[in-house]
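K.L.:
Take this structure first; my questions come after.
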Amino acid sequence: MITAEKISSTDKLVSDFEAVKKTLPGNSFVQSIRQKAIESFSALGIPARENEEYKYSNVQKLFSEAVTLSVVEMTLSKISIDKYLIPNLDAHIIVLINGFLSEELSLLKNLEKSVVVSSLQKAFEKHSEFIERHFSTCADINSDAFIALNTAYASDGVFINVPDNTVVEKPIHIINIIAAKESTFFFPRNLFVVGKSAQVQLVETFETHDLPVKAISTSVTEIAINENAKVQYYRLQNDCGNGQQINTVSASQQKNSHFDTNTVTLSGGWVRNNLNIALNGENCESHLNGLFITSDTQHVDNHTLVDHRKPHCESNQTYKGILDGKSTGIFNGKIFVQRDAQKTNAYQSSKNILLSDDATINAKPQLEIYADDVKCSHGSSTGKIDEDALFYLRARGLGIESARKLLLHAFVNDVMQTIRINALRDYLETLIHKKLGE
Amino acid sequence: MLTIKNLRAGIEGKEIIKGFNLEVKAGEVHAIMGPNGSGKSTLSNVLAGREDYIVSGGEVSFNGKNLLDMSPEVRAREGLFLAFQYPIEIPGVSNINFLKTAINEIRAYKGIGPMEAKDFLKLIKEKQALVELQGSLAGRSVNEGFSGGEKKRNEIFQMAVLEPTLAILDETDSGLDIDALRIVANGVNKLRSENRSFIVITHYQRLLDYIVPDFVHVLYDGVIVKSGGKELALELEEKGYDWIKKEVVEA
Ligand SMILES: Nc1ncnc2c1ncn2[C@@H]1O[C@H](COP(=O)(O)OP(=O)(O)OP(=O)(O)O)[C@@H](O)[C@H]1O
Ligand SMILES: [Mg+2]
Numbered sequence: 001m002i003t004a005e006k007i008s009s010t011d012k013l014v015s016d017f018e019a020v021k022k023t024l025p026g027n028s029f030v031q032s033i034r035q036k037a038i039e040s041f042s043a044l045g046i047p048a049r050e051n052e053e054y055k056y057s058n059v060q061k062l063f064s065e066a067v068t069l070s071v072v073e074m075t076l077s078k079i080s081i082d083k084y085l086i087p088n089l090d091a092h093i094i095v096l097i098n099g100f101l102s103e104e105l106s107l108l109k110n111l112e113k114s115v116v117v118s119s120l121q122k123a124f125e126k127h128s129e130f131i132e133r134h135f136s137t138c139a140d141i142n143s144d145a146f147i148a149l150n151t152a153y154a155s156d157g158v159f160i161n162v163p164d165n166t167v168v169e170k171p172i173h174i175i176n177i178i179a180a181k182e183s184t185f186f187f188p189r190n191l192f193v194v195g196k197s198a199q200v201q202l203v204e205t206f207e208t209h210d211l212p213v214k215a216i217s218t219s220v221t222e223i224a225i226n227e228n229a230k231v232q233y234y235r236l237q238n239d240c241g242n243g244q245q246i247n248t249v250s251a252s253q254q255k256n257s258h259f260d261t262n263t264v265t266l267s268g269g270w271v272r273n274n275l276n277i278a279l280n281g282e283n284c285e286s287h288l289n290g291l292f293i294t295s296d297t298q299h300v301d302n303h304t305l306v307d308h309r310k311p312h313c314e315s316n317q318t319y320k321g322i323l324d325g326k327s328t329g330i331f332n333g334k335i336f337v338q339r340d341a342q343k344t345n346a347y348q349s350s351k352n353i354l355l356s357d358d359a360t361i362n363a364k365p366q367l368e369i370y371a372d373d374v375k376c377s378h379g380s381s382t383g384k385i386d387e388d389a390l391f392y393l394r395a396r397g398l399g400i401e402s403a404r405k406l407l408l409h410a411f412v413n414d415v416m417q418t419i420r421i422n423a424l425r426d427y428l429e430t431l432i433h434k435k436l437g438e
Numbered sequence: 001m002l003t004i005k006n007l008r009a010g011i012e013g014k015e016i017i018k019g020f021n022l023e024v025k026a027g028e029v030h031a032i033m034g035p036n037g038s039g040k041s042t043l044s045n046v047l048a049g050r051e052d053y054i055v056s057g058g059e060v061s062f063n064g065k066n067l068l069d070m071s072p073e074v075r076a077r078e079g080l081f082l083a084f085q086y087p088i089e090i091p092g093v094s095n096i097n098f099l100k101t102a103i104n105e106i107r108a109y110k111g112i113g114p115m116e117a118k119d120f121l122k123l124i125k126e127k128q129a130l131v132e133l134q135g136s137l138a139g140r141s142v143n144e145g146f147s148g149g150e151k152k153r154n155e156i157f158q159m160a161v162l163e164p165t166l167a168i169l170d171e172t173d174s175g176l177d178i179d180a181l182r183i184v185a186n187g188v189n190k191l192r193s194e195n196r197s198f199i200v201i202t203h204y205q206r207l208l209d210y211i212v213p214d215f216v217h218v219l220y221d222g223v224i225v226k227s228g229g230k231e232l233a234l235e236l237e238e239k240g241y242d243w244i245k246k247e248v249v250e251a
């Protein structure tokens with residue numbers, strides 16, 4: 001069954017919530033959070049252009065067209081997920097269709113027994129102790145309208161709990177498939193809890209299946225990373241066609257933990273990625289890497305926020321963009337170093353190559369430092385492909401196209417090397433090669 | 001092999017090569033000397049096909065074909081090689097990887113299939129030994145973090161791998177220490193053959209002790225003002241360029 005409503009504005013989304021809230025999953029604890037979230041959304045509203053955070057991403061326009069609200073699972077008759085699998089990647093597979101976990105399509109092979117993987121709906125019932133401890137703790141409903149909106153409407157997604165001292169041997173591959181026959185609006189919500197000294201590798205891919213219309217997905221993923229835990233989280237936004245996404249990932253790190261994340265965007269009409277990391281313990285390390293290769297009228301907006309709240313932590317960000325056609329790229333990287341966070345090392349770099357005169361990039365670092373004994377640096381550069389290097393390679397016999405490809409591959413190489421799952425890196429190499437060959 | 005007739009070329013509206021003539025036959029070594037700024041590197045770049053330079057007149061034929069009509073890569077595939085005066089660094093592109101692509105694209109141009117991996121490795125090893133280039137350098141990104149001398153040696157290494165029919169060495173000797181100079185010169189000498197020609201651009205007659213040229217030319221203000229045998233280089237070493245400049249002015 002589909003609950004369908006035409007929506008177009010903040011008010012409409014708020015009033016629709018009243019209508020659907022009883023059908024939304026979760027106990028009274030969850031319901032009370034939803035209520036607070038919708039109030040926050042009502043106060044914040046869909047960000048206007050004047051809003052600094054959404055200056056270059058016109059979300060008002062995105063929401064101006066009427067779409068259908070989807071908060072109830074849509075069944076997709078047996079589709080084959082083969083084409084969404086990553087070749088040679090031996091992984092546990094979780095499939096989300098429009099943000100709803102499909103048990104039928106998911107496949108967990110010899111997953112460590114203590115590890116819990118379930119739909120969020122089920123977790124609301126069965127794992128309420130984790131939900132009450134972690135749900136809506138990493139992603140602050142008062143900080144962003146879309147976190148608030150998603151928290152209010154969150155209908156399903158995946159819940160993963162890796163208990164203390166557990167190492168998940170194989171990567172967990174979450175395949176997000178968006179499929180809709182009419183313009184639709186989705187609210188996927190994920191929660192990953194990684195216990196003390198636990199380790200896990202997560203790969204998330206974003207795909208579309210037969211999407212003749214526009215679909216807007218506002219997803220939120222919360223990751224609670226406990227002491228000493230090590231988490232690698234790779235996101236690949238590949239074949240997104242008409243999919244328009246506002247994704248938020250909010251991670252909270254406890255002491256001595258490591259969090260490595262890669263966000264790669266190759267296709268997708270309109271993508272906004274918010275990545276928020278709070279360093280809540282000492283001696284944490286976070287590596288945020290990103291890569292976007294855009295063409296046509298693609299719009300890719302990466303906003304990062306690293307909040308250093310405790311001493312002796314290190315954060316490292318490298319984002320690279322290659323923009324062609326009339327595409328637009330945005331990188332906005334915020335680093336906060338709070339008063340307590342002495343001996344912080346924070347580094348940020350954003351480098352971009354424009355392949356066409358009509359492509360644009362807006363790169364903006366924002367450092368706010370309240371501690372005095374810190375090392376912070378940031379750098380940003382935008383340019384064209386290096387003509388001298390191109391000539392050098394051509395003078396050795398390389399054709400202009402292969403010389404260009406070689407240089408562009410070299411440009412993204414350092415980000416690629418941070419991907420530590422070989423099969424994923426190989427797969428990406430192939431996709432990038434294809435994309436650059438267009 | 002190479003015939004340049006009345007070549008005129010410049011950059012940014014400024015003419016630098018002003019009616020240049022040269023004939024290089026197969027197997028010959030020509031040295032070009034001349035004061036700073038006389039146009040030696042400009043000539044090299046024009047011959048290699050750098051698009052920033054505009055050719056405003058003259059003809060260049062290379063093995064019977066019109067060189068000026070060819071893209072840089074086609075010139076290379078036809079057998080032209082330029083060892084750059086200032087080799088650039090290309091981070092992220094490995095020497096070996098790009099040479100492999102270069103060799104295979106040159107082969108494809110000639111209608112030959114790609115080189116077998118093991119043959120390629122053998123070739124690399126052999127040529128590395130020829131110019132005594134450390135194995136680790138060959139595996140690194142093109143010139144990245146190389147010393148000045150290492151960069152020059154890497155140029156000669158690439159030349160040895162690509163086996164061109166005409167190699168232009170633009171001040172390959174500058175910045176080389178005495179041992180490296182000897183090694184590079186030996187490398188060049190080993191590649192000398194009756195169907196391979198060299199244009200050696202240098203400021204120092206010392207290099208010409210090692211690579212003995214058939215002809216020495218003096219380039220001044222975009223034209224060859226004097227040509228001779230290897231003795232001319234000795235004379236220049238002794239007397240400098242002033243007497244030649246004077247001759248030009250008087251003529
Ligand atoms: N991109 C450029 N724009 C303007 N002038 C240039 C450019 N490149 C070269 N020139 C000028 O052309 C002239 C010849 O330069 P070129 O580099 O060919 O000299 P050269 O003979 O190789 O000198 P050297 O012995 O110092 O290497 C110089 O006056 C130089 O300033
Ligand atoms: Mg020069």
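Quick mapping for you: the protein sequence lines, in order, are chains A and B.
Okay, so the first sequence: first residue is 1 according to my numbering, each after it adds one.
Okay, so the second sequence: first residue is 1 according to my numbering, each after it adds one.
Glycine residues also receive a C-beta, built at the ideal position from the N, C-alpha and C atoms.
Indicate the three-state DSSP secondary structure (helix, strand or coil) for Pro47 (chain A) in the structure shown.
P.N.:
On the first sequence, position 47 is the one that residue 47 (chain A) refers to. DSSP places Pro47 (chain A) in coil when its eight states are reduced to three.
K.L.:
Does any C-beta atom of chain A lie closer than 8 angstroms to the C-beta of Phe157 (chain B)?
P.N.:
For the purposes of this step, residue 157 (chain B) is taken as the residue at position 157 of the second sequence. No, Phe157 (chain B) does not count as interfacial toward chain A.
K.L.:
To the nearest angstrom, how far is the alpha carbon of Glu155 (chain B) from that of Asp173 (chain B)?
P.N.:
Counted from its first residue, the second sequence places residue 155 (chain B) at position 155. Counted from its first residue, the second sequence places residue 173 (chain B) at position 173. Distance between the alpha carbons of Glu155 (chain B) and Asp173 (chain B) is about 11 angstroms.
K.L.:
What did DSSP end up calling Gln232 (chain A) once you bin it into helix, strand or coil?
P.N.:
Indexing the first sequence from 1 puts residue 232 (chain A) at position 232. It is a strand residue.
K.L.:
Buried or exposed: Pro72 (chain B), going by 16 or more other Cβ atoms within 10 Å of its Cβ?
P.N.:
Reading the second sequence from its first residue, position 72 is the one you call residue 72 (chain B). Burial call: buried.
K.L.:
Any C-beta of chain B sitting closer than 8 angstroms to the C-beta of Val116 (chain A)?
P.N.:
In the first sequence, the residue the question calls residue 116 (chain A) occupies position 116. Closer than 8 angstroms: no.
K.L.:
Does Phe292 (chain A) have its Cβ less than 8 angstroms from a Cβ in chain B?
P.N.:
Position 292 of the first sequence, counted from the start, is the residue given in the question as residue 292 (chain A). No, its Cβ sits nowhere closer than 8 angstroms to a Cβ of chain B.
K.L.:
Assign Met440 (chain A) to one of three DSSP states: helix, strand, or coil.
P.N.:
Because chain A here runs from 1 to 438, residue 440 (chain A) falls outside it and cannot be looked at.
K.L.:
Using C-beta distances below 7 angstroms, list every residue in its chain close to Ile81 (chain A), excluding the 5 sequence neighbours before and after it, in chain order.
P.N.:
Along the first sequence, one-based indexing puts residue 81 (chain A) at 81. Correct list, in chain order: Val95, Leu105, Ile175.
K.L.:
Under the rule that 16 or more other beta-carbon atoms within 10 Å means buried, what is Arg34 (chain A), buried or exposed?
P.N.:
Taking the first residue of the first sequence as position 1, residue 34 (chain A) is located at position 34. By the neighbour-count rule (16 or more Cβ atoms within 10 Å), Arg34 (chain A) is buried.
K.L.:
What are the start and end residues of the beta strand (DSSP E) that includes Tyr319 (chain A)?
P.N.:
The sequence position of residue 319 (chain A) within the first sequence is 319, counting from 1. It spans 314-323 - the beta strand (DSSP E) in which Tyr319 (chain A) sits, taken as one unbroken run.
K.L.:
Does any residue of chain B have a CB that is nearer than 8 angstroms to the CB of Arg404 (chain A)?
P.N.:
Counting from 1 along the first sequence, the entry for residue 404 (chain A) is found at position 404. Judged by the 8 angstroms Cβ criterion, Arg404 (chain A) is not in contact with chain B.
K.L.:
Does chain B have any CB closer than 8 angstroms to the CB of Arg425 (chain A)?
P.N.:
Your numbering for residue 425 (chain A) matches position 425 in the first sequence. Chain B contact via Cβ: absent.
K.L.:
Around the Cβ of Gly397 (chain A), are there at least 16 other Cβ atoms within 10 angstroms (buried) or fewer (exposed)?
P.N.:
Position 397 of the first sequence holds residue 397 (chain A). Buried: at least 16 other Cβ atoms inside 10 Å.
K.L.:
Tell me which residue opens and which closes the beta strand (DSSP E) that Gly464 (chain A) is part of.
P.N.:
Limits of chain A in this structure are 1 at one end and 438 at the other, which puts residue 464 (chain A) out of reach.
K.L.:
Any chance the CB of Asp324 (chain A) is under 7 angstroms from a heavy atom of ligand 2?
P.N.:
The residue given as residue 324 (chain A) occupies position 324 in the first sequence. Not so, every heavy atom of ligand 2 lies at least 7 angstroms from the Cβ.
K.L.:
Spell out whether any CB of chain A is found under 8 angstroms from the CB atom of Gly113 (chain B).
P.N.:
Sequence index remark: in the second sequence, residue 113 (chain B) carries index 113 (1-based). Gly113 (chain B) does not count as touching chain A.
K.L.:
Which parts of the segment 122-195 of chain A are runs of the beta strand (DSSP E), unbroken and 3 residues or longer, counting only runs that do not cross its ends?
P.N.:
Listed in chain order, the complete beta strand (DSSP E) runs (minimum 3 residues) inside the segment 122-195 of chain A are 158-162, 172-178, 184-186, 189-194.
K.L.:
Could you spell out the range, first to last residue, of the alpha helix (DSSP H) harbouring Ala224 (chain A)?
P.N.:
Walking along the first sequence from the start, residue 224 (chain A) turns up at place 224. Premise fails: Ala224 (chain A) lies in the beta strand (DSSP E), 215-225, not in any alpha helix (DSSP H).
K.L.:
Tell me whether Thr165 (chain B) sits in a helix, a strand or coil according to DSSP, three-state version.
P.N.:
Locating residue 165 (chain B) in the second sequence gives position 165, counting from the first residue. In the structure shown, Thr165 (chain B) sits in coil (DSSP, three-state: anything other than H, G, I, E or B).
K.L.:
Would you say Thr42 (chain B) touches ligand 1, meaning its beta carbon is less than 7 angstroms from a heavy atom?
P.N.:
Counting from one through the second sequence, the residue named residue 42 (chain B) turns up at place 42. It does: the Cβ of Thr42 (chain B) is within 7 angstroms (strictly closer) of some heavy atom of ligand 1.
K.L.:
Using the beta-carbon of each residue, which ones in chain B are nearer than 8 angstroms to Tyr392 (chain A)?
P.N.:
For the purposes of this step, residue 392 (chain A) is taken as the residue at position 392 of the first sequence. Correct list: Phe84, Pro87, Ile88, Ile90, Val142.
K.L.:
Here's the rule I'm using: 16 or more other beta-carbon atoms within 10 Å means buried, otherwise exposed. How should Thr430 (chain A) be labelled?
P.N.:
Counting from one through the first sequence, the residue named residue 430 (chain A) turns up at place 430. Thr430 (chain A) is exposed by the Cβ-count criterion.
K.L.:
Between the alpha carbons of Asn274 (chain A) and Ile168 (chain B), how many angstroms are there, rounded?
P.N.:
Within the first sequence, numbered from 1, the residue matching residue 274 (chain A) stands at position 274. Within the second sequence, numbered from 1, the residue matching residue 168 (chain B) stands at position 168. Approximately 53 angstroms between the Cα atoms of the pair.
K.L.:
To the nearest angstrom, how far is it from the Cα of Thr263 (chain A) to the Cα of Phe81 (chain B)?
P.N.:
Translated into the one-based positions of the first sequence, residue 263 (chain A) becomes position 263. Translated into the one-based positions of the second sequence, residue 81 (chain B) becomes position 81. For Thr263 (chain A) and Phe81 (chain B), the distance between alpha carbons rounds to 42 angstroms.
K.L.:
Could you tell me the boundaries of the beta strand (DSSP E) in which Thr261 (chain A) lies?
P.N.:
If you number the first sequence from 1, residue 261 (chain A) lands on position 261. Residues 258-265.
K.L.:
Since Ala91 (chain A) contacts His173 (chain A) with CB under 8 angstroms, what's their CB separation in whole angstroms?
P.N.:
The residue you call residue 91 (chain A) lines up with position 91 of the first sequence. The residue you call residue 173 (chain A) lines up with position 173 of the first sequence. Between His173 (chain A) and Ala91 (chain A) the Cβ distance is about 4 angstroms, and since that is below 8 angstroms, they are a contact.
K.L.:
Would a C-beta distance cut-off of 8 angstroms place Ser250 (chain A) and Asn276 (chain A) closer than the cut-off?
P.N.:
Locating residue 250 (chain A) in the first sequence gives position 250, counting from the first residue. Locating residue 276 (chain A) in the first sequence gives position 276, counting from the first residue. Yes. Within cutoff.
K.L.:
At a cut-off of 7 angstroms, would you count Glu171 (chain B) as near ligand 2, judging by its Cβ distance to the nearest heavy atom?
P.N.:
Numbered from its first residue, the second sequence carries residue 171 (chain B) at position 171. Result yes, Cβ under 7 angstroms from ligand 2.
K.L.:
Confirm the yes/no value for this check: CB of Gln85 (chain B), any heavy atom of ligand 2, distance under 7 angstroms.
P.N.:
Stepping through the second sequence from its first residue, residue 85 (chain B) is reached at position 85. Yes, since a heavy atom of ligand 2 falls inside the 7 angstroms radius drawn around the Cβ of Gln85 (chain B).
K.L.:
So what does DSSP say about Thr172 (chain B), is it helix, strand or coil?
P.N.:
Locating residue 172 (chain B) in the second sequence gives position 172, where the first residue counts as 1. Thr172 (chain B): coil per DSSP, three-state reduction.
K.L.:
Could you give the first and the last residue of the continuous alpha helix (DSSP H) run that contains Gly135 (chain B)?
P.N.:
Your numbering for residue 135 (chain B) matches position 135 in the second sequence. Residues 135-139.
K.L.:
When the cut-off is 8 angstroms and only beta carbons count, does Leu407 (chain A) lie next to chain B?
P.N.:
Residue 407 (chain A) sits at position 407 when you count from the first residue of the first sequence. So yes, Leu407 (chain A) belongs to the interface.
K.L.:
Would you verify that the beta carbon of Ala251 (chain B) is, or is not, closer than 8 angstroms to some beta carbon of chain A?
P.N.:
Sequence index remark: in the second sequence, residue 251 (chain B) carries index 251 (1-based). No - not a single Cβ of chain A is within 8 angstroms of the one on Ala251 (chain B).
K.L.:
Buried or exposed: Glu368 (chain A), going by 16 or more other Cβ atoms within 10 Å of its Cβ?
P.N.:
The residue you call residue 368 (chain A) lines up with position 368 of the first sequence. Exposed, because fewer than 16 other Cβ atoms sit within 10 Å of the Cβ of Glu368 (chain A).
K.L.:
Is the Cβ of Arg77 (chain B) closer than 8 angstroms to any Cβ of chain A?
P.N.:
Indexing the second sequence from 1 puts residue 77 (chain B) at position 77. Judged by the 8 angstroms Cβ criterion, Arg77 (chain B) is in contact with chain A.
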